[in-house]
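Residue numbers (our numbering): 18 to 370.
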Amino acid sequence: MPFGAYLHVPFCRRRCDYCAFATWTDRHHLAERYLAACRTQIEREAAAGLPEITSAFVGGGTPTQVAPALLLEVLDALPLAEGAEVTVECNPDDLTAEMAAAYAAGGVTRLSIGVQSMVPEVLAALGRDHDPGNVRRAVRAARSAGLAVNVDLVYGAAGETLEQWGRTVDAAIELAPDHVSAYALTVEAGTPLAADAVRHPDDDVQADEYQLATERLGAAGYDWYEISNWARPGHECRHNLLYWTGGEYLAIGCAAHGHRGGRRWWNLRTPERYVAAIEDGRSPEAGAEELDADARRVEGLQLAIRTRGGVPAREVPDGFLAELDGLVEQVDDRVVLTPEGRLLANEVAIRLG
Ligand code: SF4
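Dropping the structure here:
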């Protein structure tokens, strides 16, 4: 059985104004204690009994804001299975050839590079300031270390034209990554973007941008396999597939979410409280919920419909195919989204409830 581990690194150099993640720009002084606490949490979980971990994902925040050696000490405590997929999210400005080599030597297999856009004006509109030239250097560094590469893109920034988005997609394809994630910019409550309605993304523009990505990535040999994800055959992200198939995973670090045995939990949100809990010998959990069998079944369908495999035809409600004609279709014994349906996946998923 696959079993994952998510490790959260809550430090960023600066805050992007659309971001609602648990991350801080003024807590780097905590990094060493924080990662030591993460290691202690893993050691405690392992002592209580852990299956072998088939995939680990280090996200944030910005994992490349901490020294690779510190991060690798945490990963070293995980009981990784032979051939486990181990991904680290990277900021292209931070990643050097030395860092990539250190990750590879420490068991990391895959880097997920936060590209967002390859057009400087669009990056500025997103409140990001990295140089697209650094993306090329970062991908080269990952490749020379023998690591698989994902590039993360975002579409729908204020003022982004279809032509600019096309340039980003083409530039991403030119980088020849193994995997591409393209996310629609969303407005998260409480962010500076939420307070600035003029810069909110336009649904129609985003729909055109999504279609452009679908066409160009497909033509370049990237298979669509989840709403926002494309991969060369065999390079689908095993860790993300765990999330989409109701799989089980540990939550390491502040604000991380876990799922095991029908129970979901989440850790204390701030790094200070997380470190204090671990150092005091307490559990870092902030809350948990148990889903009953029916809620789990519905949630499983709602996640699965977003993927290439869709849901079993026998599981969809009566009239589902007829009511959502054009948005879903039956392929053998599965019901899957059509390309138009992918644009309205949330609405389709709700009808499975
Ligand atoms: S770098 Fe990523 S995690 Fe950090 S503020 Fe920006 S979007 Fe959020």
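Don't be surprised by glycine CBs; every beta carbon is placed ideally from N, CA and C.
Residue i Cβ short of 7 Å to the ligand SF4 heavy atom set
i      : result
ARG44  : no
GLY131 : yes
PHE74  : no
PHE38  : yes
THR355 : no
CYS271 : no
ARG127 : no
ARG32  : yes
CYS29  : yes
THR79  : yes
Bridge partner(s) assigned by DSSP for residue i
i      : result
HIS196 : ASN167 and ALA248
TRP241 : TRP247
LEU128 : VAL105 and VAL166
PHE20  : GLU265
ARG351 : PRO329 and VAL348
HIS25  : GLY76
LEU97  : ILE70
ASP342 : VAL345
Neighbour-count burial assignment, residue i, 16 or more Cβ in a 10 Å radius
i      : result
HIS147 : buried
ALA312 : exposed
MET116 : buried
ILE367 : exposed
LEU229 : buried
ASN363 : exposed
MET18  : exposed
HIS46  : exposed
SER134 : buried
GLU253 : buried
GLY336 : exposed
ASP169 : buried
VAL348 : exposed
VAL215 : exposed
Own chain, CB closer than 6 Å to residue i, minus 5 neighbours either side, in chain order
i      : result
GLY163 : ALA121
GLN319 : ALA366 and LEU369
ARG233 : VAL186
LEU140 : SER134
Own chain residues within Cβ distance below 7 Å of residue i, not counting five before or after
i      : result
CYS55  : LEU24, VAL91, ILE269 and GLY270
ARG50  : VAL292
LEU202 : TYR35, VAL171, TYR172, GLY173, ALA174 and PRO218
ARG277 : GLU265
GLN58  : ILE269, ILE295 and PRO301
ALA22  : ILE70, ALA73, LEU95, TYR266, LEU267 and ILE269
GLU332 : LEU318
8 Å Cβ cutoff, residue i in contact with chain D
i      : result
PRO209 : Any reference to chain D falls outside this structure, which holds one protein chain only.
Spatial neighbours of residue i in its chain, beta-carbon cut-off 8 Å, leaving aside the 5 residues before and after
i      : result
GLY77  : HIS25, VAL26, PRO27, PHE28, CYS29, PHE38, THR40 and GLU106
VAL204 : TYR35, LEU210, ALA211, HIS217 and PRO218
Residue i: CB within 7 Å of a non-hydrogen atom of the ligand MN
i     : result
ARG32 : Ligands present in the displayed structure are limited to the ligand SF4, and the ligand MN is not among them.
Report the residue ranges of all beta strand (DSSP E) runs contained in full by the segment 253 to 322; include only those spanning at least 3 residues, in chain order. 265 to 269, 274 to 277, 280 to 284 and 302 to 307
Could you give the uninterrupted runs of the beta strand (DSSP E) lying entirely in the segment 52 to 85, keeping only those of 3 residues or more? 70 to 77
Which runs of the beta strand (DSSP E), 3 residues or longer, sit entirely within the segment 170 to 236? 196 to 201
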